[in-house]
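Step one of this worksheet: look at the structure below.
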Amino acid sequence: MIPKTFREVITLEDGREISIETGKLAKQAHGSVVVQMGKAMLLCTVVSNYDAADVDFLPLTVDYREKFAAAGRYPGGFFKREARPSDDEVLTMRLVDRCLRPLFPKDYHSETQVMIQLMSHDEEVMPDALAGLAASAALQLSDIPFETPISEVRVARVNGEFVINPSRAQLEEADIDMMVGASADSVMMVEGEMDEISEEEMADAIKFAHEAIKVQCEAQVKLAEAFGKKETREYEPEAEDEALAAKIHEAAYQKCYDIAKQASSKQDRGLAFSEVKDEVKAMFSEEEQEELGGLISKYFG
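Okay, so the sequence shown: first residue is 387 according to our numbering, each after it adds one.
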C-alpha cells in the first residue's frame, strides 16, 4: 500500500523552494516531517512520554546529526564510527532548543525528544537554517502541547540585498550573517555576526527575516490542517498553591534581598540563605512539611 503523503511548498523571493512533507517516513513517531531544499533533506521526528517525569522542569532533548552517509561517505582514519556530535551540530541543537523550549506549557514535565537528522547533503544549502522549521512542523503534527508554530532562517546581505537562507558562496560575500528565530507574532532569538553595520540596518535584516518566517509558519498551519491536526493530549498539570507562594514570598523575600545586597563571599551568602530557608520551613508543622515539602522548596527557590 502506497502511503498517503501531505506536502506544502514555500517559495522564497529568489525562486528557490522549501518543501515540508509528512506521511511517508517515521509514522510511529508522534510527529514527523521531511524538509527539503535543493538536494538537502532533513528528517525530524518528535516523541513525548505520556507519563510526567518526577521533576519540576521539562526534560526536553533536541538532537541534530549530520551523518556521513548524507554525503555518500563513511568515516575513515582513526575513528571508524560516528561518535559524539561536532561543535556545529551542538550549536544547531542549541539554536533549535532556544526557540522551542519556552513554547511548551510551564507545567508540562513529560520527557520529550526532538530528533533531527540530515538525510541528504547539498553543498550549496546550509541545513542548520532548516532545522528549526523541521522541528516546529513535526510538533504541529503531533498531539504534544505546543503554543504556536515557529521557524528559523538565516538572513544575509549580499551586495546590498537581503537573502534568506543564502548559499555558502553567497555567505562568503555577505556583510551580515544572522540566524533569526521567531513565531508569526514575535521575534524570539537572534544570533550572528556583522561587519560594522548600523542599528537600523540590523533591524531591517531582522524584519526581513521575520517576514519570511511568517510565511513558513503559515505553511506549517496549512500542512497540519491538511494532515488532520491531532487533538492536544491531556496531561496532569503541576500542583500550584498561590496562597502558599504569597506566604513564603512575604516571609523570605526581603531577607534574601538584604543578603544578596551584602558584599559577602559566596560561602557566607549560601549559609545565610540556608538559615532563611530553615526559618521558612519552621513556619510549617511536620505534617505540612511532609505534604507541601516540594512546593515549599519550589517557591523558596
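Note that CB positions come from ideal geometry on N, CA and C, so glycine has one too. Just so it is clear, the structure is predicted and the values come from calculations on it, not from any experiment.
Roughly how many angstroms separate the alpha carbons of Lys-593 and Met-574, rounded to a whole number?
The residue you call residue 593 lines up with position 207 of the sequence shown. The residue you call residue 574 lines up with position 188 of the sequence shown. The alpha-carbon atoms of Lys-593 and Met-574 are separated by roughly 12 Å.
Under the rule that 16 or more other beta-carbon atoms within 10 Å means buried, what is Asp-514, buried or exposed?
On the sequence shown, residue 514 is found 128 positions in, with the first residue counted as 1. Buried, because 16 or more other Cβ atoms sit within 10 Å of the Cβ of Asp-514.
Counted within 10 angstroms of its Cβ, other Cβ atoms place Ser-651 as buried (16 or more) or exposed
Taking the first residue of the sequence shown as 1, we reach residue 651 at position 265. Counting Cβ neighbours within 10 Å, Ser-651 comes out exposed, since fewer than 16 surround it.
So what's Arg-459 in DSSP terms, helix, strand or just coil?
Locating residue 459 in the sequence shown gives position 73, counting from the first residue. In this structure, Arg-459 counts as coil in the three-state DSSP scheme.
Among the residues of its own chain, which have a CB less than 7 Å from the CB of Glu-579, if the five just before and after it don't count?
In the sequence shown, residue 579 corresponds to position 193, counting from 1. Excluding sequence neighbours, Glu-579 sits near Asp-563.
Assigned exposure category for Gly-401 - 16 Cβ within 10 Å defines buried:
For the purposes of this step, residue 401 is identified with residue 15 of the sequence shown, where counting begins at 1. When all chains shown are included, Gly-401 counts as exposed.
Between the alpha carbons of Phe-532 and Gln-640, how many angstroms are there, rounded?
Counting from 1 along the sequence shown, the entry for residue 532 is found at position 146. Counting from 1 along the sequence shown, the entry for residue 640 is found at position 254. If you take the alpha carbons of Phe-532 and Gln-640, they lie about 36 Å apart.
How about Gln-503 and Gln-606: are their beta carbons less than 9 Å apart?
By one-based count along the sequence shown, residue 503 stands at place 117. By one-based count along the sequence shown, residue 606 stands at place 220. No, the Cβ-Cβ distance between Gln-503 and Gln-606 is not below 9 Å.
Measuring alpha carbon to alpha carbon, tell me which of Gln-422, Pro-491, Asp-474, Val-419 ends up nearest Pro-445.
Numbered from its first residue, the sequence shown carries residue 445 at position 59. For the residues Gln-422, Pro-491, Asp-474, Val-419, the minimum Cα distance to Pro-445 belongs to Pro-491.
Of the residues Glu-611, Gln-675, Phe-686, Glu-622, which one's Cα is nearest the Cα of Glu-636?
Sequence index remark: in the sequence shown, residue 636 carries index 250 (1-based). Answer by Cα proximity: Phe-686.
Since Val-432 and Ala-456 are thought to touch, with beta carbons under 8 Å apart, how far apart are those beta carbons, to the nearest angstrom?
Position 46 of the sequence shown, counted from the first residue, corresponds to residue 432. Position 70 of the sequence shown, counted from the first residue, corresponds to residue 456. Wrong, their Cβ atoms sit about 20 Å apart, outside the cutoff.
Contact check, Ala-524 vs Gly-614 under 8 Å by CB: the rounded distance?
For the purposes of this step, residue 524 is identified with residue 138 of the sequence shown, where counting begins at 1. For the purposes of this step, residue 614 is identified with residue 228 of the sequence shown, where counting begins at 1. Not a contact, Cβ separation roughly 15 Å.
Could you tell me which residues DSSP pairs with Tyr-494 in its beta bridges?
Locating residue 494 in the sequence shown gives position 108, where the first residue counts as 1. DSSP output for Tyr-494 lists no bridge partner at all.
Should Ala-595 be labelled buried (16 or more other beta-carbon atoms within 10 Å of its own) or exposed?
Here residue 595 corresponds to residue number 209 of the sequence shown, with the count starting at 1. Buried, since its Cβ has 16 or more Cβ neighbours within 10 Å.
Alpha carbon to alpha carbon, how far is Glu-677 from Ala-695? Give it in angstroms, no decimals.
In the structure as shown, the chain starts at 387 and stops at 687, and residue 695 therefore has no counterpart that could be examined.
Three Cβ pairs or more, each shorter than 8 Å: is that satisfied between the stretch 390-400 and the stretch 547-560?
yes
Distance, Glu-497 Cα to Arg-393 Cα
Within the sequence shown, numbered from 1, the residue matching residue 393 stands at position 7. Within the sequence shown, numbered from 1, the residue matching residue 497 stands at position 111. The straight-line gap from Cα to Cα measures roughly 29 Å.
Assign Pro-535 to buried or exposed, taking buried as 16 or more other Cβ atoms, counted over all protein chains shown, within 10 Å of its Cβ.
Locating residue 535 in the sequence shown gives position 149, counting from the first residue. Pro-535 is buried by the Cβ-count criterion.
Any idea what DSSP makes of Phe-532, helix, strand or coil?
As a working note, residue 532 is residue 146 in the sequence shown. Coil at Phe-532, not helix or strand.
Under 9 Å between the Cβ atoms of Arg-540 and Met-512?
Position 154 of the sequence shown, counted from the first residue, corresponds to residue 540. Position 126 of the sequence shown, counted from the first residue, corresponds to residue 512. It is a contact, given that the beta carbons lie within the stated cut-off.
Using only CA atoms, which one of Leu-516, Arg-480, Val-666 lies nearest to Lys-425?
Reading the sequence shown from its first residue, position 39 is the one you call residue 425. Considering only alpha carbons, the answer is Leu-516.
Using 10 angstroms around the beta-carbon of Val-395, count the other beta-carbons present and answer buried if the total reaches 16, otherwise exposed.
In the sequence shown, residue 395 corresponds to position 9, counting from 1. When all chains shown are included, Val-395 counts as exposed.
Mind reading off the beta-carbon distance from Tyr-621 to Ala-438? Whole number of angstroms is fine, and I expect it under 8 Å.
Walking along the sequence shown from the start, residue 621 turns up at place 235. Walking along the sequence shown from the start, residue 438 turns up at place 52. About 7 Å separates the two Cβ atoms, so the contact holds.
Sequence-distant residues of its chain with Cβ nearer than 7 Å to Ala-520 (five each side left out)
Position 134 of the sequence shown holds residue 520. So the qualifying residues of the chain are Val-419, Val-421, Leu-428, Cys-430, Ile-502.
What do you reckon, are the CB atoms on Cys-603 and Ala-570 nearer than 9 Å?
As a working note, residue 603 is residue 217 in the sequence shown. As a working note, residue 570 is residue 184 in the sequence shown. In this structure, Ala-570 lies closer than 9 Å to Cys-603 by Cβ.
Could you have a look at Ser-572 and say whether DSSP puts it in helix, strand or coil?
Looking up residue 572 in the sequence shown gives position 186. Here Ser-572 sits in coil by DSSP.
With distances taken Cα to Cα, identify the nearest neighbour of Glu-559 among Arg-543, Ala-568, Ser-572.
In the sequence shown, counting from the first residue as 1, residue 559 sits at position 173. Of the listed residues, the one whose Cα sits closest to Glu-559 is Arg-543.
Three-way DSSP call (helix, strand, coil) for Thr-618 in this model
Position 232 of the sequence shown holds residue 618. Residue state, collapsed to three classes: coil.
Can you tell me whether Arg-365 is helix, strand or coil according to DSSP?
There is simply no residue 365 to check, as the chain begins at 387 and stops at 687 in what is shown.
Residues bridged to Ala-631 by DSSP?
In the sequence shown, the residue the question calls residue 631 occupies position 245. Partner(s): none; Ala-631 has no beta bridge.
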